[in-house]
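Each residue of the sequence shown is one higher than the one before, starting from 12 at the first, in my numbering. Glycine included, each C-beta is placed from N, C-alpha and C at the ideal position. Below is one structure, written out as structure tokens; the observations come after it.
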Amino acid sequence: MAAAGSGARAGHENWSSRSAFILAAVGSAVGLGNMWRFPAEAGENGGGAFVLFYIFCVLLIGLPVLLSEVLIGRHGQANAPESVRRVARDSKASEGWSVLASMGVFAAFLILSFYCVVGGWVIYYIGVFASDLFQTGLTGGAFEGRAAEDIEGLLPSLFGNGGLMVGLNLGFLAVTMFFVSRGVSSGIEWVAVYLMPLFFLLFLGITIYGAFTGNFNEAVAYLFTFDFSKLTGEVMLAAVGQAFFSLSLGVAGMMTYGAYANRETNLGETSGIIASADTGVALLAGLAIFPIVFAAGLSASIGPGLMFQSLPIAFQAMPFGSLIGLAFFIMVFFAALTSSVSLLEAPTAWVFEKFKLARPVATIIVGTGAAVLGALSGWFWGAPVPGVASLALFEGQDLFNVLDGVTAKLFMPIGAILTCIFVGWIADARLIDKENGLDGVLHQTWRALVRYVCPIVLAVILVVGLTG
Ligand code: TRP
12 MAAAGSGARA GHENWSSRSA FILAAVGSAV GLGNMWRFPA EAGENGGGAF
62 VLFYIFCVLL IGLPVLLSEV LIGRHGQANA PESVRRVARD SKASEGWSVL
112 ASMGVFAAFL ILSFYCVVGG WVIYYIGVFA SDLFQTGLTG GAFEGRAAED
162 IEGLLPSLFG NGGLMVGLNL GFLAVTMFFV SRGVSSGIEW VAVYLMPLFF
212 LLFLGITIYG AFTGNFNEAV AYLFTFDFSK LTGEVMLAAV GQAFFSLSLG
262 VAGMMTYGAY ANRETNLGET SGIIASADTG VALLAGLAIF PIVFAAGLSA
312 SIGPGLMFQS LPIAFQAMPF GSLIGLAFFI MVFFAALTSS VSLLEAPTAW
362 VFEKFKLARP VATIIVGTGA AVLGALSGWF WGAPVPGVAS LALFEGQDLF
412 NVLDGVTAKL FMPIGAILTC IFVGWIADAR LIDKENGLDG VLHQTWRALV
462 RYVCPIVLAV ILVVGLTG
């Protein structure tokens, strides 16, 4: 393979095995998006119709884009913008296409900053349940004798405590920085290889617990009864956005991980495994959380508070409530950490390769930036951003929501559209064919999706998202 540039590959690391790559990529995909956002979105958007359309989005749009991203990274064997540049150069196309990945790297940095804020909440709830377990003992329900409003109020009272919010956020970010600074094999791969299996173990246990002690039938009916009258434009938009966020797409994260894959890895197959695992976890997360929430007679549609407010209330009435609550938030912490590591890695890889810095130095530079931005969104929680909040798109929103909105509504769809055009139309078809590991009908289907379906659907979503 004469493709990738020579000198700049020196010092470039690789995953130690294909399964390490899969675990790291699944670790990136599975995170707060699955455990926190997916059930909340499904609940807010009426359950079954959202879920079905979500699966449809993963297959038709998410999976083809995922393959396009890892493929660019693997061919380039470098940070995301440099990988795009190398694919462009080997295709005799303009190297200016690298801007799609530069935007992505920047967006990953923005996502990292607010992702770690939520990571901080997870640490807070680990603390809450740990101290509760200490007080009530192993078998008791959580928060014995406390009113539901009290438990629900834990989150708003955290929001009201700027110092604590910032501290927890920085704590979560510091752990993320620690692992990224150690590099691909002894840091990023290490968290994935140890924490992901632990995550799956805890996750399976809690799902079984939820199925036996909670209202499983109602949850199944809720998530899998497809009422098509509920499938509005808004629901569809929410589903695509969620699919992208959950698969870590549109912001160069999967390009960065693809760059550490070796030549023997079949990328088509690997992408299939990553997407299935991520979607499986999202669906199972719904099947773990909703039975517990329904058993307590609580509503499905409260939104972001579902995991942080309804679930803790529901644990109150459950046997082993504080223990399961603690296990639950530790599990979410593991999932969130393997994702934040990938969000930090994308900009860090760019900084240290571009400016020829040592990896730990680059980690500190990027991490410090994310710390400042994250601290601002924690500190100014609920305060509309001056200037920006007067725009229609961000009406009255605080920094946290502006960052969330900008990345989800602008960066992710634009990044993905450009990626599809680049891979489908600009890059040399022979180069792409050699990388993708698909043949026959699958290959043709993928190509048609990347060339036509994905960019068109994504463009519609972008326009509707910005105007609607
Ligand atoms: N996919 C992760 C989740 O579901 C979040 C995430 C990690 C992400 N890396 C990303 C989202 C890159 C967008 C882009 O929690």
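So, with DSSP's three-state summary, where would you put P315? coil
Give me the Cα-Cα distance between L295 and F227, rounded to the nearest whole angstrom. 12 Å
Under a three-way DSSP split, which group does P330 fall into? coil
For A40, is the beta carbon positioned less than 6 Å from some heavy atom of ligand 1? yes
Hey, how far is the Cα of L78 from the Cα of L70? 11 Å
Could you check what DSSP says for D289 in three-state terms: helix, strand or coil? helix
Check whether the Cβ atoms of G84 and M207 sit closer than 7 Å, and answer yes or no. no
For A21, collect the residues of the same chain with a Cβ closer than 7 Å to its Cβ; drop the 5 residues on either side in sequence, then sort them by chain order. Because A21 carries a pLDDT of 44, less than 50, the predicted location of this residue cannot be relied on, and the following value inherits that uncertainty. There are no such residues.
Check whether the segment 430-440 touches the segment 455-474, counting contact only when three or more Cβ pairs, one atom from each stretch, lie closer than 8 Å. yes
Quick one: give me the first and last residue of the alpha helix (DSSP H) that A307 is part of. Looking at the DSSP string, A307 is not in any alpha helix (DSSP H), and its letter there is neither H nor E.
With a threshold of 16 other CB atoms inside 10 Å of the CB of S240, please say whether the residue is buried or exposed. exposed
CB-CB under 8 Å to E229, same chain, minus the five flanking residues each way: which ones, in chain order? F301, P302 and F305
Looking at F326 and A153, is the spacing between their C-beta atoms short of 7 Å? yes
Pair within 7 Å by beta-carbon distance, A112 and A263: yes
Just to confirm before moving on: does the CB-CB distance between M266 and E80 stay below 7 Å? yes
Which residue wins for smallest C-alpha separation from R48, given the options I467, R441 and A419? A419
Quick check: the Cα distance between F391 and V186, rounded to an integer number of angstroms? 23 Å
Of the choices G44, H23 and V76, whose alpha-carbon is the least far from that of P466? V76
Cβ neighbours of I122 in the same chain (closer than 6 Å, five flanking residues each side left out): L354 and T418
Own chain residues within Cβ distance below 6 Å of A36, not counting five before or after: Y268 and I285
For G87 and D450, the rounded distance between their alpha carbons: 22 Å
Ligand 1 heavy atom lying under 6 Å from the CB of S259: yes
State yes or no: is the C-beta of L74 nearer than 6 Å to some heavy atom of ligand 1? no
Assuming G389 and F405 make a contact with CB atoms under 8 Å, what is their CB distance in whole Å? No, G389 and F405 are not in contact; Cβ-Cβ is about 18 Å, not under 8 Å.
Would a C-beta distance cut-off of 7 Å place I137 and I472 closer than the cut-off? no
Report the residue from G448, F190 and G54 whose alpha carbon sits nearest the alpha carbon of N7. Since the first residue of the chain shown is 12 and the last is 479, residue 7 is not available in this structure.
Since L212 is in the alpha helix (DSSP H), which residue starts that stretch and which ends it? E200 to T224
Return yes when the C-beta of G44 is under 6 Å from any heavy atom of ligand 1, and no when it is not. yes
Please state the DSSP three-state secondary structure of P323. helix
Kindly examine ligand 1 and report whether one of its heavy atoms sits closer than 6 Å to the Cβ of G264. yes
Run through the DSSP bridge pairs and tell me what P395 is partnered with. D409
Leaving out five residues before and five after G252 in sequence, what residues of the same chain have Cβ atoms less than 7 Å from its Cβ? A419
Sort S197, A470, A403 and V62 by Cα distance to V231 and report the nearest one. V62
Span of the alpha helix (DSSP H) around D101: A91 to D101
Any heavy atom of ligand 1 closer than 6 Å to the CB of L355? no
When DSSP labels each residue in this structure, what does N45 get in the three-state scheme? helix
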